[in-house]
Amino acid sequence: MIENVLKNYTVTFEQILPMLQKRSKASYIGAAILLLAVQQVYSFFTPPKYLRSFPRVSFLAMIKSFYINESIFQRNKKLVAPLMNAGHKLYVSRLPITWTVYITDPNLAKKVLLKTENFPKSSGIFEGFGNDSPIIKFLGNDNVAVSNGHKWKNQRKIMNPAFSRSMPVKTFGAVVPHLFALIDQESENVPITTRMKSFTLDVLGLAAFGFDFQSLKGDPEGWTKTYNIFIVTLFNPWAAIFSKLDFLVKYFSAERRRVDRATDKFNDMIDALTNKRRQDIENGLKNGIPENEKDLLTLMIEADMREDGNTSTEELRHNIALFFLAGHDTTAHTLTFCLYNLAKNKDIQRKLREEILNVLGDEPVDVFPTLEELKQMNYINMVIKENLRHSGPVDMLMSRIASEDFDLDGFFLPKGTKVSVDISALHLSEKNWKDPELFLPERFEDGGEHDDHSGFSWVPFSNGSRQCLGMNFSLTEQRVVLAMMLRKYEIDIPENSIHRDRIVYDKPFNFAPDSLDLKFTKRY
Ligand code: HEM
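Numbering (my numbering), first residue to last: 247 to 770.
Take a look at the structure:
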């Protein structure tokens, strides 16, 4: 036997060696590159050693699910629920770009989210991009959503008072008639996703820095177009996956250069407004405006002046830009889905309208709700909460980094491991909610299903000290526009809609499809 092996070895060696000797240098280099590539591909798809014992969701399966625009329900059912049903409370996957541990259990989510110092934020998708990429030029890499420690606390010091003082219900209400004007023209087939994006952009522009995008008025000055040019790139998942190549792209892509120009134009506009606003405040021009109707930029500059006045125009810009990234599409998609869910569940729509009419009356004129009137409505909050559970726009939190070694549900988590919370697993799993695909606002009534939960099973805005800064802003905006819309219109899904039974997605995340039309019938 050994003789045979030796014989074969000798023959093979004698035949192969001369062949190898005849090969050119280039073929060796080619083979080495090929081997390196195979090794790179292998290590790309294989978790690091310390995560190999964790339950795993295949990266390829996730990417495929995003690529074919599966709904978040389908993705969760197919890829995550089987692990949860097998008793696992977490899993690892290579998402969005690096290996991360995702938590799917409410009590474990609570443990991680309340321990901000143990699990500080990682810079997540920002980390692969260079300083001259549009993402970093727009948002910086130290805005309030990605910074930690003193830097984060100092930013929150000027933002917390701005967000707690500002509740611009008048601004929210004042934009609604422009939305109504478009709905009245398009009543049978209103492209609701597009309209809601315009509505929330106009609202955010006015409330954040007193700027009117005029998106609902047809975008006469082109600012909505400029904004959309770069915002589409920011949400492109492929840009995040190939972020390391970003620095090369502008040399051969005219489209990328167009995005760069749009980003510069937008940044210059915010800087000019910020400098003007500082002067206006110093000259006392903002004194007469009630606190809750001042825009966020004014309130942040005022708060900064009360502190040490050290916040630079660039830092303010990065955070204003972040409010757009964090607050524009999120609220637009949430409102779109809420109107769809109300059109699909007419009993719930009727019940909600009844509550609104009880508080605001049924006179055939537009009524602009006040904060006090909104506080008298309870069912509207249940509808909004259920919509954020059922159709919330954020699937997963930005990743955190374990600041030391931890034991998480019996798994050893070494210092430096990335950790995130899978919001859709918490919101859509049968482990946490009965019949999770049904839209049932009553889950959130006093003593309802949600009250029986322990831990964090409802976290559309996250929780703990890194909870969404714009939560109350967005909730109030939603209450104002829903109350005004339901007073004025009966909302239905058109007979021939492809979305009649369920949403047919056209984008990789839980974003409302552009093809979604709703039918609005005037009540007055
Ligand atoms: C339906 C609407 C919204 C949803 C579902 C939402 C959701 C979230 C979530 C889940 C986070 C935590 C992210 C993480 O820790 O990984 C967050 C953070 C944040 N959101 Fe929102 N958001 C919404 C609207 C807004 C609005 C309107 C604004 C501003 C005008 C805003 C500003 C922020 C900021 C500044 C942070 C970072 C807070 C920090 O880290 O200290 N959001 N949001």
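By construction, the Cβ of each residue, glycine as well, lies at the ideal position given by its N, Cα and C atoms.
- Message: Just to confirm the assignment, what range does the beta strand (DSSP E) spanning ILE349 have?
- Response: On the sequence shown, residue 349 is found 103 positions in, with the first residue counted as 1. Per DSSP, ILE349 belongs to the beta strand (DSSP E) from 345 to 349.
- Find out if the Cβ-Cβ distance for the pair LEU336, ASP351 is shorter than 9 Å. Within the sequence shown, the letter at position 90 stands for residue 336. Within the sequence shown, the letter at position 105 stands for residue 351. It is a contact, given that the beta carbons lie within the stated cut-off.
- Message: Tell me the DSSP secondary structure of ASP541 in three-state form.
- Response: The residue labelled residue 541 in the question sits at position 295 within the sequence shown. Residue state, collapsed to three classes: coil.
- Message: Would SER273 and SER304 qualify as a contact pair, given that the criterion is a beta-carbon distance under 9 Å?
- Response: Start at 1 with the first residue of the sequence shown, and residue 273 comes out as number 27. Start at 1 with the first residue of the sequence shown, and residue 304 comes out as number 58. No; because the gap between Cβ atoms is not below 9 Å, this pair is not in contact.
- Task: For ARG646, count neighbouring Cβ atoms within 10 angstroms of its own Cβ and tell me buried if that reaches 16, exposed if not.
- Result: For the purposes of this step, residue 646 is taken as residue 400 along the sequence shown, with counting starting at 1. It counts as buried.
- Message: Assuming contact is defined by CB atoms lying nearer than 9 Å, are PHE757 and ASP575 in contact in what I supplied?
- Response: Residue 757 sits at position 511 when you count from the first residue of the sequence shown. Residue 575 sits at position 329 when you count from the first residue of the sequence shown. Result yes, Cβ atoms of PHE757 and ASP575 sit closer than 9 Å.
- Message: Quick check on ASP378: buried or exposed, where buried means 16 or more other Cβ atoms within 10 Å of its Cβ?
- Response: Here residue 378 corresponds to residue number 132 of the sequence shown, with the count starting at 1. ASP378 comes out exposed.
- Residues near LYS443 by beta carbon distance below 8 Å, same chain, minus five either side: Looking up residue 443 in the sequence shown gives position 197. The answer, listed in chain order, is SER461, HIS574, ASP575 and ALA578.
- Separation of ASN709 from ASN538, as counted between CA atoms: Numbered from its first residue, the sequence shown carries residue 538 at position 292. Numbered from its first residue, the sequence shown carries residue 709 at position 463. ASN538 and ASN709: Cα-Cα distance of roughly 24 Å.
- Item | Of the listed residues THR767, GLU609, MET730 and ILE739, nearest to HIS424 (C-alpha basis) | For the purposes of this step, residue 424 is identified with residue 178 of the sequence shown, where counting begins at 1. Answer by Cα proximity: MET730.
- Cut-off 7 Å between Cβ atoms - residues of its own chain near ASN315, not counting five sequence neighbours on either side: Mapped onto the sequence shown, residue 315 falls at position 69. TYR751, ASP752, LYS753 and PRO754, listed in sequence order.
- Item | Buried versus exposed, by CB contacts within 10 Å (16 or more), ASN389 | The residue you call residue 389 lines up with position 143 of the sequence shown. Classification for ASN389: buried.
- Message: Considering Cα atoms alone, identify which of ASP692, ILE309, THR582 and ASN331 is closest to ASP760.
- Response: Residue mapping note: residue 760 aligns to position 514 of the sequence shown, counting from 1. Minimum Cα distance to ASP760 is reached at THR582.
- Please go through the same chain and pick out, in chain order, the residues whose beta-carbon is closer than 7 Å to the beta-carbon of LEU606, but skip the five residues on each side of it. Stepping through the sequence shown from its first residue, residue 606 is reached at position 360. Cβ neighbours of LEU606 beyond the five flanking positions: VAL613, PRO615, GLU619, ALA729 and ARG733.
- Query: Should PHE290 be flagged as near chain C, meaning a C-beta pair shorter than 9 Å?
  - Reply: Although the question refers to chain C, the structure presented lacks it and comprises just one protein chain.
- Query: Does the beta-carbon distance from SER192 to ASN353 come in below 9 Å?
  - Reply: No answer is possible for residue 192: the residues shown for the chain start at 247 and end at 770.
- Every unbroken alpha helix (DSSP H) within the stretch 636 to 721, with a cutoff of 4 residues, ordered by chain: 669 to 674
- Is ASP752 helix, strand or coil when you go by DSSP? Within the sequence shown, numbered from 1, the residue matching residue 752 stands at position 506. Residue state, collapsed to three classes: coil.
- Message: Only counting the same chain, and skipping five residues up and downstream in sequence, which positions put a Cβ closer than 6 Å to that of ILE477?
- Response: Counted from its first residue, the sequence shown places residue 477 at position 231. Around ILE477: no qualifying Cβ.
- Task: Quick one: measure Cβ to Cβ for TYR348 and SER666, integer angstroms, because I've assumed they're closer than 8 Å.
- Result: As a position in the sequence shown, residue 348 is number 102, starting the count at 1. As a position in the sequence shown, residue 666 is number 420, starting the count at 1. TYR348 to SER666, Cβ: 5 Å. Contact.
- Query: In three-state DSSP terms, what is MET247?
  - Reply: Here residue 247 is taken as the residue at index 1 of the sequence shown, counted from 1. With a pLDDT of only 48 at MET247, under 50, the local geometry of the prediction cannot be trusted, and the value read off the model is given with reservation. Looking at MET247 - three-state DSSP - the assignment turns out to be coil, as it is neither helix nor strand.
- Is the beta carbon of VAL422 sitting closer than 9 Å to the one on VAL727? Stepping through the sequence shown from its first residue, residue 422 is reached at position 176. Stepping through the sequence shown from its first residue, residue 727 is reached at position 481. In contact: VAL422 and VAL727 (Cβ atoms closer than 9 Å).
- Message: Tell me which residues share the same chain as ARG599 and place their Cβ nearer than 8 Å to its Cβ, disregarding the 5 neighbours each side in the sequence.
- Response: To locate residue 599, count along the sequence shown from 1; it is residue 353. So the list reads LEU732 and ARG733, once near-sequence residues are dropped.
- Item | GLU561: CB within 8 Å of a non-hydrogen atom of the ligand HEM | As a first step, residue 561 must be located in the sequence shown, where it is residue number 315. Checking every heavy atom of the ligand HEM against the Cβ of GLU561, none is found closer than 8 Å.
- Query: Who are the Cβ neighbours of PRO294 in its own chain at under 7 Å, not counting the five residues just before and after it?
  - Reply: For this step, residue 294 is matched to residue 48 along the sequence shown. So the qualifying residues of the chain are TRP345.
- Applying the criterion that 16 or more other CB atoms from any shown protein chain within 10 Å of the CB defines a buried residue, is THR767 buried or exposed? As a working mapping, residue 767 is identified with position 521 in the sequence shown. Burial call: exposed.
- Task: Please check the pair THR722 and MET413, which I expect to be a contact at CB under 8 Å, by giving their CB distance rounded to whole angstroms.
- Result: Counted from its first residue, the sequence shown places residue 722 at position 476. Counted from its first residue, the sequence shown places residue 413 at position 167. Confirmed, about 6 Å.
- Message: By DSSP's criteria, SER339 is part of a beta bridge. Which residues make up the other side?
- Response: Working through the sequence shown from its first residue, we reach residue 339 at position 93. In DSSP, SER339 forms a bridge with THR346.
- Message: Could you check whether the Cβ of LEU715 sits closer than 8 Å to any heavy atom belonging to the ligand HEM?
- Response: One-based indexing of the sequence shown puts residue 715 at position 469. Within the cutoff, so yes.
- Message: Between GLY638 and the ligand HEM, is there a pair consisting of the residue's CB and a ligand heavy atom that are separated by less than 8 Å?
- Response: Sequence index remark: in the sequence shown, residue 638 carries index 392 (1-based). Because some heavy atom of the ligand HEM lies under 8 Å away, the Cβ of GLY638 counts as near it: yes.
- How big is the Cα-Cα spacing for ILE429 and THR439? As a position in the sequence shown, residue 429 is number 183, starting the count at 1. As a position in the sequence shown, residue 439 is number 193, starting the count at 1. Their Cα atoms are separated by approximately 12 Å.
- Query: Do you know offhand how far MET247's Cα is from GLN285's?
  - Reply: Position 1 of the sequence shown, counted from the first residue, corresponds to residue 247. Position 39 of the sequence shown, counted from the first residue, corresponds to residue 285. With a pLDDT of only 48 at MET247, under the threshold of 50, the placement of this residue in the model should not be trusted, and no figure is reported.
- Task: Answer with buried or exposed for LEU531, where buried requires no fewer than 16 other C-beta atoms within 10 angstroms of its C-beta.
- Result: The residue you call residue 531 lines up with position 285 of the sequence shown. Burial call: exposed.
- Message: Can you look up TYR735 in the DSSP assignment and give me helix, strand or coil?
- Response: Against the sequence shown, residue 735 aligns to sequence position 489. If DSSP states are grouped into helix, strand and coil, TYR735 belongs with the strands.
- Query: With burial defined as no fewer than 16 other Cβ atoms inside 10 Å of the residue's Cβ, what is the status of ARG321: buried or exposed?
  - Reply: As a first step, residue 321 must be located in the sequence shown, where it is residue number 75. Buried: at least 16 other Cβ atoms inside 10 Å.
- Boundaries (first-last residue) of the alpha helix (DSSP H) holding THR509: Here residue 509 corresponds to residue number 263 of the sequence shown, with the count starting at 1. Run containing THR509: 500 to 528, per the alpha helix (DSSP H) assignment.
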